[in-house]
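J.: First the structure, then my questions, so here it is.
Number of protein chains: 2
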Amino acid sequence: MKKYKILAVEDEPTTQALLQRCLAFSYDLVLVPSLERAKEILNHFKPDLVLLDLYLPDGNGFDFFSFLKDRTQSSRTPVIFLTLESDIKVKVKSFSAGAYDYITKPFDNTELMARIDAHCARSAEVSSAFYTPEIFADLLFNRESLQVHRIDGNGQKELVSLSPTEFKLLQCFMSHIGKTLSREQIAKEVWNKSHFQSRTIDRHISSLRKKLGPTGAYLKTISHGGYLLSLEER
Amino acid sequence: MKKYKILAVEDEPTTQALLQRCLAFSYDLVLVPSLERAKEILNHFKPDLVLLDLYLPDGNGFDFFSFLKDRTQSSRTPVIFLTLESDIKVKVKSFSAGAYDYITKPFDNTELMARIDAHCARSAEVSSAFYTPEIFADLLFNRESLQVHRIDGNGQKELVSLSPTEFKLLQCFMSHIGKTLSREQIAKEVWNKSHFQSRTIDRHISSLRKKLGPTGAYLKTISHGGYLLSLEER
DNA sequence: GCTGCTTTTCACATTTTGGTAACATTATTC
DNA sequence: GAATAATGTTACCAAAATGTGAAAAGCAGC
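Chains as they are written, first to last, in the working numbering: chain A, 477 to 710; chain B, 477 to 710.
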């Protein structure tokens with residue numbers, strides 16, 4: 477049985493010791509005391525779940541939370557807030573920001589583990605459904621370098637030079653192949669905004685299609701619905 | 477904004493009243509006092525989330541939970557246990573069985589709502605990833621891509637290109653297969669209007685039938701009654 | 001502040017859409 | 001089997017949605 481990988485960000489020594497003691501055996505646990513260290517660790521550790529204290533020496537848990545949400549690799553990683561703060565308003569804020577759970581100290585070890593397991597199990601099931609391919613039609617995606625290449629008839633790779641926004645836009649469609657995305661959804665995923673001067677998205681779609689050349693035709697317009705990336709013929 | 481549909485199974489009058497008071501406004505709430513009633517309700521109510529008491533007059537919450545898991549329609553529906561029982565062992569058992577959350581009474585309204593919203597939002601996102609198009613005759617109706625395909629004799633998918641209104645119209649019939657819909661009902665569901673220059677609907681039906689080709693014949697006219705989508709002859 | 005890039009906005013071109021009228025056809029009633 | 005009512009179908013065109021070049025606005029690095 478494979479252990480779940482957990483990143484715990486916690487500066488208070490007592491809780492640190494407690495977490496170490498009760499989680500280290502059952503999980504692949506990395507415990508760091510600051511956001512800075514956490515960000516470093518993420519370069520070579522991809523946790524299945526994050527335990528996050530709200531108040532940390534070098535910043536606020538919410539900021540780190542948004543940081544995780546913004547990186548595609550960790551945008552769907554479950555985050556459990558684990559904190560002394562028991563103010564209902566903070567709880568509500570956490571949940572509406574997207575927290576998977578909120579546990580106040582002191583907590584029960586067994587319950588913590590049960591909740592961790594539950595979230596990890598569901599998340600593992602879900603992440604298979606959200607798998608984003610690296611190849612779509614004749615496009616090759618490199619998530620590390622944030623580059624897209626097109627493979628021509630001879631198997632030669634040719635760089636498709638996309639701007640950062642165009643890349644994010646394409647990535648957004650790649651992670652929802654076969655689903656029509658409304659302009660609102662696109663705005664939210666790519667710009668993290670809900671409202672927009674309406675034509676901006678259309679304009680970006682237009683230039684993305686142009687840069688993708690013939691492959692751009694797979695990015696279809698669904699009138700009154702939004703846009704759709706799909707392999708099917710029109 | 478659409479309300480989440482919630483089924484609450486709870487027999488204790490105090491909690492019933494509390495749930496009614498704090499949830500009925502923000503959610504589409506159905507509150508039942510027994511497992512038997514809950515099962516009945518499920519025949520015509522597909523909740524987005526279930527609130528479940530552990531100890532009920534006609535059985536144990538766990539059994540109902542397994543019942544939900546076993547039905548495909550509800551196997552991914554989030555279930556929150558809401559109970560007096562605060563024994564850690566029961567909590568752990570609930571989570572390992574697949575509970576989404578476990579809240580002990582007395583609880584805070586706001587927190588309950590925050591947790592409900594969080595689970596529903598994630599679940600909605602996930603269920604779209606697991607969505608499979610609906611099938612009617614040789615049509616594949618896809619609510620996610622907002623497209624309709626027809627399967628031809630060779631099993632090839634062919635796009636049926638519908639305008640937004642036609643799609644909504646078909647969607648309306650797809651959600652009420654076998655039921656005759658009056659023009660008023662159609663106007664309300666598709667146009668969100670009650671009154672209409674009478675022939676408009678007819679004209680859209682006409683073009684929908686035309687685009688659906690032979691399959692359009694399943695969209696029958698009920699003179700003086702409206703229209704009906706049904707496989708049965710009459 | 002200048003330079004070179006990206007992003008956004010504007011303006012206009014183009015396409016799609018949907019309501020209505022008019023007429024054709026079918027169903028219902030007596 | 002008319003007469004009448006209900007429904008089917010076509011054509012039209014205005015309004016709305018979308019595509020896109022070019023100008024304007026941001027923005028990082030110097």
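Don't be surprised by glycine CBs; every beta carbon is placed ideally from N, CA and C.
(1) Quick one: what's residue 484 of chain B bridged to in DSSP?
(2) Output needed in chain order: residues of the region 558 to 572 of chain B with a Cβ under 7 angstroms from some Cβ in chain A.
(3) Express the C-alpha separation of residue 490 of chain A and residue 604 of chain A in angstroms, rounding to a whole number.
(4) Measure the alpha-carbon distance for residue 501 of chain B versus residue 482 of chain B and round it to whole angstroms.
(5) Any beta carbon from chain A within less than 8 angstroms of residue 482 of chain B's own beta carbon?
(6) Starting from the C-beta of residue 596 of chain A, find all residues in its chain whose C-beta is less than 6 angstroms away, skip the five residues before and the five after it, and write them out in chain order.
(7) Here's the rule: buried if 16 or more other CB atoms are within 10 angstroms of the residue's CB, otherwise exposed. What is residue 673 of chain B?
(8) Comparing C-alpha positions only, which one of B:494, B:639 and B:587 sits nearest to residue 567 of chain A?
(9) Is any beta-carbon of chain B found at less than 8 angstroms from that of residue 520 of chain A?
(10) Alpha carbon to alpha carbon, how far is residue 571 of chain B from residue 580 of chain B?
(11) In angstroms with no decimal places, state the Cα-to-Cα distance between residue 484 of chain B and residue 506 of chain B.
(12) Using only the alpha-carbon positions, how far apart do residue 710 of chain A and residue 635 of chain A sit?
(13) So, with DSSP's three-state summary, where would you put residue 623 of chain A?
(14) Just checking my contact of residue 641 of chain B with residue 666 of chain B at CB under 8 angstroms: how many whole Å lie between their CB atoms?
(15) I'd like the span of the beta strand (DSSP E) that includes residue 537 of chain A, first residue to last.
(16) So residue 653 of chain A is in the beta strand (DSSP E); what residue range does that whole segment cover?
(17) For residue 591 of chain A, return the contacting residues in chain B, with the cut-off set at a CB-CB distance below 8 angstroms.
(18) Closest to residue 548 of chain A by C-alpha separation, out of A:698, A:563, A:607 and A:626, would be which residue?
(19) Quick one: does residue 594 of chain B have its CB under 8 angstroms from some CB of chain A?
(20) Tell me, please, whether the CB atom of residue 671 of chain A is closer than 8 angstroms to any CB atom in chain B?
(21) Enumerate in chain order the residues of its own chain whose CB-to-CB distance from residue 533 of chain A is below 6 angstroms, with the five nearest sequence positions on each side excluded.
(22) Express the C-alpha separation of residue 602 of chain B and residue 545 of chain B in angstroms, rounding to a whole number.
(23) Smallest Cα separation from residue 660 of chain B: which of B:654, B:650 and B:678?
(24) Measure the beta-carbon distance from residue 707 of chain B to residue 613 of chain B and round it to whole angstroms, keeping in mind my assumption that it falls under 8 angstroms.
(25) With DSSP as the reference, identify every bridge partner of residue 633 of chain A, one or two as the case may be.
(26) Once DSSP output is grouped into helix, strand and coil, what is the label at residue 618 of chain B?
(27) Examine chain A for any beta-carbon lying closer than 8 angstroms to the beta-carbon of residue 606 of chain B, and answer yes or no.
(28) Closest Cβ-Cβ distance between residue 584 of chain A and chain B: below 8 angstroms?
(29) Say whether chain B places a C-beta atom closer than 8 angstroms to the C-beta of residue 625 of chain A.
(30) Contact criterion: CB-CB distance below 8 angstroms. Does residue 575 of chain B meet it with respect to chain A?
(31) So which residues of chain B does residue 587 of chain A contact, with C-beta pairs closer than 9 angstroms?
(32) Among A:578, A:622 and A:668, which has the Cα closest to the Cα of residue 638 of chain A?
(33) Can you find a C-beta in chain B that's less than 8 angstroms from the C-beta of residue 701 of chain A?
(34) Could you tell me the distance, in whole angstroms, from the CA atom of residue 626 of chain B to the CA atom of residue 611 of chain B?
(35) Alpha carbon to alpha carbon, how far is residue 536 of chain A from residue 530 of chain A?
(36) Along chain A, in chain order, which residues have C-beta atoms closer than 8 angstroms to that of residue 620 of chain B?
T.: Reading from the atomic positions:
(1) B:507 and B:527
(2) Cβ contacts with chain A: 564, 567, 568, 571 and 572.
(3) 37 angstroms
(4) Whole-angstrom Cα-Cα distance: 12 angstroms.
(5) No, no contact with chain A.
(6) 480, 524 and 525
(7) The residue is exposed, with fewer than 16 neighbouring Cβ atoms inside 10 Å.
(8) B:587
(9) no
(10) Distance between residue 571 of chain B and residue 580 of chain B, taken at the CA atoms: about 14 angstroms.
(11) 6 angstroms
(12) Residue placement at residue 710 of chain A is flagged as unreliable, the pLDDT there being 49, under the threshold of 50; a coordinate-derived value is accordingly withheld.
(13) strand
(14) 7 angstroms
(15) No beta strand (DSSP E) contains residue 537 of chain A, which is instead part of the alpha helix (DSSP H) from 537 to 546.
(16) Segment: none, residue 653 of chain A is in no beta strand (DSSP E) and carries neither H nor E.
(17) Residues of chain B whose Cβ lies closer than 8 angstroms to the Cβ of residue 591 of chain A are, in chain order, 571.
(18) Out of A:698, A:563, A:607 and A:626, A:607 has the C-alpha closest to the C-alpha of residue 548 of chain A.
(19) yes
(20) no
(21) Excluding residues up to 5 positions away in sequence, 487 and 510 lie with their Cβ nearer than 6 angstroms to the Cβ of residue 533 of chain A in the same chain.
(22) 16 angstroms
(23) The option with the nearest alpha carbon to residue 660 of chain B is B:678.
(24) The beta-carbon separation of residue 707 of chain B and residue 613 of chain B, rounded to 6 angstroms, stays under the 8 angstroms limit for a contact.
(25) In the DSSP output, where bridge partners are listed per residue, residue 633 of chain A has A:627.
(26) strand
(27) yes
(28) yes
(29) no
(30) yes
(31) 564, 567, 568, 571 and 578
(32) The option with the nearest alpha carbon to residue 638 of chain A is A:622.
(33) yes
(34) 10 angstroms
(35) Rounded to the nearest angstrom, the two C-alpha atoms are 6 angstroms apart.
(36) 654, 655 and 656
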